[in-house]
Amino acid sequence: MPAHLLQEEISSSYTTTTTITAPPSRLLQNGGGKLEKTPLYLEEDIRPEIRDDIYDPSYQDKEGPNPKLEYVWRNIILMSLLHLGALYGITWIPTCKMYTLLWAFFYYLISALGVTAGAHRLWSHRSYKARLPLRVFLIIANTMAFQNDVYEWARDHRAHHKFSETHADPHNSRRGFFFSHVGWLLVRKHPDVKEKGGLLNLSDLKAEKLLVFQRRYYKPAVLLMCFILPTFVPWYCWGETFPHSLLVATFLRYAVVLNATWLVNSAAHLYGYRPYDKTINPRENLLVSLGAVGEGFHNYHHSFPYDYSASEYRWHINFTTFFIDCMAAIGLAYDRKKVSKAAVLARIKRTGDESYKSG
Ligand SMILES: [Zn+2]
Ligand SMILES: [Zn+2]
221 MPAHLLQEEI
231 SSSYTTTTTI
241 TAPPSRLLQN
251 GGGKLEKTPL
261 YLEEDIRPEI
271 RDDIYDPSYQ
281 DKEGPNPKLE
291 YVWRNIILMS
301 LLHLGALYGI
311 TWIPTCKMYT
321 LLWAFFYYLI
331 SALGVTAGAH
341 RLWSHRSYKA
351 RLPLRVFLII
361 ANTMAFQNDV
371 YEWARDHRAH
381 HKFSETHADP
391 HNSRRGFFFS
401 HVGWLLVRKH
411 PDVKEKGGLL
421 NLSDLKAEKL
431 LVFQRRYYKP
441 AVLLMCFILP
451 TFVPWYCWGE
461 TFPHSLLVAT
471 FLRYAVVLNA
481 TWLVNSAAHL
491 YGYRPYDKTI
501 NPRENLLVSL
511 GAVGEGFHNY
521 HHSFPYDYSA
531 SEYRWHINFT
541 TFFIDCMAAI
551 GLAYDRKKVS
561 KAAVLARIKR
571 TGDESYKSG
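If you read the sequence shown in our numbering, its first letter stands for residue 221, the second for the next number, and so on.
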């Protein structure tokens, strides 16, 4: 990156946390009845950069028969081989060197952050800002995770929020657990995903050189960061056997990160309470939060997609928020958007399922 861009990056940064406040009083004056029918939520005004990750309840599925499923055999075969390798890898754990297990766990954690703190909270939702060194770290971590490049991931994810639970949602959970978990990656996209996804505003992603760079060199970069490096390091650095390195540190670790992320789309759309909005499917699921380092507070997240913590709370089963806060403490993350308690409580009162426990 040229020096002047780096300088711009640094001079435009500041370190405060933006707190999103309750709806302004002029709207409350309209009377409770009118406010309750407001489909889009007013807190979003604090983050004018993007609108296309906000739920649009006016969009509904079109009438008519669904197109026939078209299988993508290449993906089906590769995913099956990966999962067979990962399952076999479990049997190699007891004979693994301790360093290899630590390495696999470290690689899981970093690559998960590349998805949660990177592709998700930073690039899909712009819920905080990151300076260049952090963005470089996140793009490397994201490449380690191999879940499609950030541009594609964020495009799919914005469509998932805006057209949630319709055929324009790439992993529409109304099509069942398996489809929303992994099935959507094994078939051709529904025409509505292409049609509506193509209309999303992705100009911020297209303008970011780092994302263009990742997209351009994605295949060799993934080969290196997701497969070669995690296998090579244990074998070369502490004399682990090649099968242990490949099966545990690479196949098993990669499959665990994939499934932990996919559970957010499947389990967290099916199992759990809906204290913030009972009219939508996403739910609060602590187990998913544990595996997906903080992304299981999914009813909250779909209600307030611009909150950098993806949860009402900060460090509660949320390693990603802890990480972003640490980055903020050393000045690499800033402008973290957080919804105010008052706005959250107002939303709970208006649309919650009454499972919310205060205090
Ligand atoms: Zn979701
Ligand atoms: Zn999201």
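Where is the CB? At the ideal position from N, CA and C, for every residue including glycine.
Computed from a prediction, not measured in an experiment: that's the story for all the values here.
- What first and last residue would you give for the alpha helix (DSSP H) that runs through residue 569? 561-571 is the extent of the alpha helix (DSSP H) around residue 569.
Let me confirm a value: residue 533 is counted as buried when at least 16 other C-beta atoms fall within 10 Å, else exposed. Which label applies?
With a 10 Å radius around the Cβ and a threshold of 16 neighbouring Cβ atoms, residue 533 comes out exposed.
- Query: Are the CB atoms of residue 468 and residue 316 nearer to each other than 8 Å?
  - Reply: Annotated as proximal: residue 468 and residue 316, with beta-carbon spacing under 8 Å.
Name all residues in chain order for which at least one heavy atom of ligand 2 lies closer than 6 Å to the residue's CB.
Neighbourhood of ligand 2, defined by CB distance below 6 Å to any of its heavy atoms: 340, 344, 345, 377, 381, 521 and 525, in chain order.
- Rounded to whole angstroms, what's the CA-CA distance from residue 270 to residue 471? Just pull it up for me. Cα atoms of residue 270 and residue 471: separation of roughly 36 Å, rounded to the nearest angstrom.
To the nearest angstrom, how far is the alpha carbon of residue 438 from that of residue 574? Cα atoms of residue 438 and residue 574: separation of roughly 45 Å, rounded to the nearest angstrom.
Please determine if the region 337-356 and the region 489-502 are in contact, where contact requires at least 3 C-beta pairs separated by less than 8 Å. These segments do not touch.
- Over the uninterrupted alpha helix (DSSP H) stretch that includes residue 308, give me the two end residues. From DSSP, the alpha helix (DSSP H) with residue 308 extends over 293-310.
Quiz item: So what does residue 398 bridge to, in DSSP terms?
Solution: Beta bridge pairing from DSSP links residue 398 with no other residue.
- Message: With H, G and I counted as helix, E and B as strand and the rest as coil, what does DSSP make of residue 576?
- Response: In the structure shown, residue 576 adopts coil according to DSSP, grouped into three states.
- prompt: In terms of alpha-carbon separation, which member of 389, 434 and 445 lies closest to residue 501?
  reply: Among 389, 434 and 445, the Cα nearest to that of residue 501 is on 389.
**Request:** Compute every distance between the C-beta of residue 485 and the non-hydrogen atoms of ligand 1, then say whether any falls below 7 Å.
**Result:** Yes, the beta carbon of residue 485 sits closer than 7 Å to at least one heavy atom of ligand 1.
* **Beta-ladder partner(s) of residue 493, from DSSP** => 504, per the DSSP bridge assignment.
| message | Quick check: the region 329-337 against the region 360-377, are at least 3 beta-carbon pairs closer than 8 Å? | response | By the Cβ test, the region 360-377 is in contact with the region 329-337, since at least three Cβ pairs between them sit closer than 8 Å.
Legend entry - Range of the contiguous alpha helix (DSSP H) that encloses residue 367: No alpha helix (DSSP H) holds residue 367; DSSP gives it neither H nor E.
When you compare each of 548, 542, 545 and 481 to residue 515 by their alpha carbons, which one comes out closest?
Considering only alpha carbons, the answer is 481.
Neighbourhood of residue 383 by C-beta distance below 6 Å, restricted to the same chain and skipping five residues each side:
Beyond the five residues adjoining it in sequence on each side, residue 383 comes within less than 6 Å, by CB distance, of 279, 389 and 416 in the same chain, given in chain order.
Quiz item: Fully enclosed by the region 417-499, which alpha helix (DSSP H) runs are 4 residues long or longer?
Solution: Residue ranges of uninterrupted alpha helix (DSSP H) with 4 or more members, entirely inside the region 417-499 and ordered along the chain, are 423-426, 429-436, 438-442, 449-457 and 473-485.
For this session: Identify whether residue 407 lies in helix, strand or coil by the three-state DSSP scheme.
Result: Residue state, collapsed to three classes: strand.
Enumerate in chain order the residues of its own chain whose CB-to-CB distance from residue 539 is below 7 Å, with the five nearest sequence positions on each side excluded.
The answer, listed in chain order, is 513 and 514.
Original post:
How would you write the range of the alpha helix (DSSP H) that residue 519 sits in, first residue to last?
Top reply: Element bounds for residue 519: 518-523.
Report task. For residue 446, count neighbouring Cβ atoms within 10 angstroms of its own Cβ and tell me buried if that reaches 16, exposed if not. Result -> By the neighbour-count rule (16 or more Cβ atoms within 10 Å), residue 446 is buried.
Check your understanding: In three-state DSSP terms, what is residue 379?
Key -> In this structure, residue 379 counts as helix in the three-state DSSP scheme.
Handout entry: Top-ranked residue by Cα proximity to residue 483, from 504, 495, 560 and 411
Key = For residue 483, the nearest C-alpha among the options comes from 504.
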